[in-house]
Amino acid sequence: MDGRLSSYRIEPNKIDKLRFSIQSQKDLLRETLKIIFLYKEELKLLLFESKGTSVEFFRENFIEEQVAISKEYIDQMQKVYPQIQTKVSSLFFRISSSTWVTIVGEIVSNPEIRKEEAKQVLSEYIRYNTAGWRELINQ
111 MDGRLSSYRI EPNKIDKLRF SIQSQKDLLR ETLKIIFLYK EELKLLLFES KGTSVEFFRE
171 NFIEEQVAIS KEYIDQMQKV YPQIQTKVSS LFFRISSSTW VTIVGEIVSN PEIRKEEAKQ
231 VLSEYIRYNT AGWRELINQ
């Protein structure tokens with residue numbers, strides 16, 4: 111499995127039903143907040159003011175990379191958990207990936223959003239997203 115997926119835990123023989131780790135959600139939240147608030151101005155430039163620069167297509171490239179990682183992850187899950195439903199449309203992967211970029215864009219573009227509010231919205235979205243994936247893969 112590619113190093114990009116190392117933070118995702120797929121452990122065959124340990125559990126017979128896929129579990130979505132609360133600790134993994136907390137880790138994702140912590141790391142995302144750290145990146146957003148450490149690089150807020152840089153992210154704002156990348157997402158909204160990069161036209162005509164070498165990073166003009168950052169947003170699109172990021173989304174495409176996330177789509178590829180998501181598809182690869184689902185393929186790996188299918189191998190470990192053959193009972194799960196993995197027929198998810200390519201467009202859905204793209205919409206899901208672009209939603210993350212939109213959320214980050216909303217946070218970095220609004221100076222009134224403080225870390226606690228960003229933490230709340232990211233936490234809500236992570237929980238919402240996790241529940242949605244559970245439903246999609248019939249878990």
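Following my numbering, the numbering of the sequence shown begins with 111 at its first residue and continues without gaps.
All C-beta atoms, glycine included, are put in the ideal place defined by N, C-alpha and C.
Within the region 128–168, the alpha helix (DSSP H) runs of at least 4 residues that lie entirely inside it are, in chain order, 132–148, 150–158.
Shown here for L138: same chain residues with a beta carbon closer than 7 Å to its own, the five before and five after excluded, namely I236 in chain order.
Excluding five sequence positions before and after V165, the CB atoms of its chain that fall closer than 7 Å to its own CB belong to L156, given in chain order. Where K197 is concerned, there is no enclosing alpha helix (DSSP H), because DSSP gives it neither an H nor an E. Its Cα nearest to that of E222, the residue K150 stands out among S134, K144, K150, I132. Collapsing the DSSP output to three states places Y191 in coil. With a cutoff of 7 Å on beta-carbon distance, F203 and V231 are scored as not near each other. As the crow flies, the alpha-carbon of P192 is around 46 Å from that of G162.
In the three-state reduction of the DSSP assignment, N171 falls in the helix class, which pools H, G and I. Boundaries of the alpha helix (DSSP H) harbouring I236: 225–246, taken from the DSSP string. Taking C-beta separations shorter than 6 Å and ignoring five residues to either side along the sequence, the partners of T196 in its chain run I184, Q188, following chain order. V190 is classed as exposed because its beta carbon has fewer than 16 other beta carbons within 10 Å across all chains shown.
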